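For the sequence shown, this note's numbering begins at 323 and goes up steadily by one.
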Amino acid sequence: TFSPASLRVGQLTQNSPYDFRVYAGNGDGWSAAAELLGVIPLESPAPPTDVMEWAHTETTVSLTWTPPTAPVATHFRVQVSSCFKQVGQAACVDGRPCLSDRTV
């Protein structure tokens with residue numbers, strides 16, 4: 323068996339239509355094509371706006387923002403910096419990394 327069957331196709335041009343045809347094969351030959359026509363890779367979303375702190379405790383901060391409306395964002399990444407550093411410096415004075423990523 324061959325499951326799951328998937329393929330990620332990269333290096334496509336944004337806002338240009340593409341047609342995809344998928345065939346199944348074995349020792350006896352190939353199937354007819356299953357077609358997905360007119361797929362258009364979307365452009366990257368604009369950045370969120372109105373980023374604000376709306377609540378905090380001694381050890382947490384809650385953020386809120388307005389998502390872009392077109393094209394629609396499907397997820398967000400928040401980078402957290404916990405130290406000051408010189409340009410080109412990869413770590414805080416105590417050796418901790420300066421950035422951490424959180425995807426929501």
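Every residue, glycine too, gets a C-beta built ideally from N, C-alpha and C.
All figures in this text were calculated on a predicted structure; none of them were measured in a lab.
{"Check": "Pairwise C-alpha distance: Val-400 and Pro-363", "Outcome": "24 Å"}
{"Check": "Cα-Cα separation between Tyr-340 and Val-331, rounded to whole angstroms", "Outcome": "11 Å"}
{"Check": "Integer-rounded CB distance, given that Trp-376 should sit under 8 Å from Ser-366", "Outcome": "That pair is no contact at about 26 Å."}
{"Check": "Simplified DSSP state of Gly-332, which is helix, strand or coil", "Outcome": "coil"}
{"Check": "C-alpha distance - Thr-323 paired with Leu-334, whole-angstrom precision", "Outcome": "Per-residue confidence for Thr-323 stands at a pLDDT of 49, beneath the threshold of 50, marking its modelled position as unreliable; the derived number appears in the next sentence. Going by the C-alpha atoms only, they are around 30 Å apart."}
{"Check": "Coarse secondary structure for Leu-358, derived from DSSP in three states", "Outcome": "strand"}
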